[in-house]
Amino acid sequence: MDFKIRPMRPGDISQVSDIEREAFPTTWPPTSFGKELKNRLARYLVVYSQLVPTAEGSEADILAPVTDLNQPMLHRIFSNLKILLGSPRDVPHWNGHLIVGYVGVWFMADEAHITSIAVREEFRRRGLGEGLLLAALKMSVARRAQVATLEVRVSNHSAQALYLKHGFAKCGLRGRYYADNHEDALIMTVSGLHSPGYQRALREQLGRLDTGIDLSDYPE
Ligand SMILES: CC(C)(COP(=O)(O)OP(=O)(O)OC[C@H]1O[C@@H](n2cnc3c(N)ncnc32)[C@H](O)[C@@H]1OP(=O)(O)O)[C@@H](O)C(=O)NCCC(=O)NCCS
């Protein structure tokens, strides 16, 4: 499948909400993505695959995850039924895009705060989380942020590995930060986004990505 990154649109909200529910089942209340899209300080990106009808007229790409034999059979069937049944009917502006992940960033003064990042479970470990993070950092550089920061559960080692891989360092702790289980949050930051060295390294990392990034809806 071919993946691309672009700004989130109102027609993506139903699929993005599904991804949020799957990735953060205990988060309450759920994010109001409608409000977030109107928030001048917030920017959201999605990674998607264009669903191209086959010669037989079916959207074969949607079914691709069913063939992932690493997933339990029932899980695969359920996930894909959810996508097949839910998306075209529930999404008001269904545009044939299967949204597989999203990232949100809030910009405050010279800081980019990454509020959330998630990839559909059956599409993880293919570099898409990395693509979203790098796209969010590219957007942060364009908006002249100097620091990017985020909170992550102390138990979330996979997300921490992603952030460490891209230059974030652990720089503090917020005690009992998460309302569901009172887990602590690690604060992770990367600074010097404005430096030529950082921007050169980011360009190189982006160059290695095979995910296209189109941020033209967000001219700065
Ligand atoms: C965190 C998340 C977005 C990563 O997305 P992904 O598409 O699977 O990540 P990628 O394939 O781009 O992985 C990039 C790097 O992240 C790290 N990583 C990702 N998943 C990992 C895992 N399960 N175990 C260890 N490292 C992992 C690795 O360093 C990996 O680089 P590598 O492939 O060279 O080893 C995804 O696991 C997810 O949606 N998790 C649930 C939501 C969540 O926890 N979000 C973070 C909240 S702070």
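Positions in the sequence shown are counted from 1; adding 1267 to them yields my numbering.
Glycine is no exception: its CB is placed at the ideal position from the N, C-alpha and C atoms.
Pairing G1398 with L1453, the inter-Cα distance amounts to about 22 Å. Non-local beta-carbon contacts of Y1430 in its own chain, meaning distances under 6 Å to residues more than five positions away in sequence, involve M1455 in chain order. Rounded to whole angstroms, the separation of the alpha carbons of Q1427 and V1367 is 20 Å. If you look at Y1430, you'll find it in the alpha helix (DSSP H) that goes H1424 to K1432.
One thing to note: A1402 has its Cβ no nearer than 8 Å to the Cβ of E1287. Closest in C-alpha terms to F1435, from the list V1421, T1416 and E1289, comes T1416. Around R1420, the same chain offers Y1445, E1450 and A1452 as residues with beta carbons nearer than 7 Å, after the five sequence neighbours per side are excluded.
Taking 7 Å as the cut-off, one finds no heavy atom of ligand 1 near enough to the beta carbon of S1422. Counting every other CB atom within 10 Å of its CB across the protein chains shown gives D1279 a total of 16 or more, marking it as buried.
In the DSSP annotation of this structure, M1406 is not part of any beta strand (DSSP E); the continuous alpha helix (DSSP H) holding it starts and ends at L1395 to A1409. For S1462, the number of other beta carbons within 10 angstroms of its own is below 16, and it is reported as exposed.
Under DSSP, M1275 shares a beta bridge with no residue.
In the DSSP assignment, Q1317 falls within the unbroken beta strand (DSSP E) covering A1309 to Q1317. Check the Cα spacing between A1376 and each of V1408, F1390 and L1365: the tightest is with V1408. Excluding five sequence positions before and after L1440, the CB atoms of its chain that fall closer than 8 Å to its own CB belong to V1421, D1451, A1452, L1453 and I1454, given in chain order. Taking 8 Å as the cut-off, the Cβ atoms of V1313 and M1268 do not count as close. Counting C-beta atoms within 10 angstroms of its own C-beta, R1307 has fewer than 16 neighbours from the protein chains shown and is therefore classed as exposed. Nearest to Q1466 by alpha-carbon distance, out of G1396, L1304, L1404 and D1477, is L1404. Ranked by how close their Cα comes to the Cα of D1481, the residues F1291, R1443 and Y1315 have Y1315 in first place. Comparing alpha carbon positions, the residue from R1310, L1318 and E1378 closest to G1363 is L1318.
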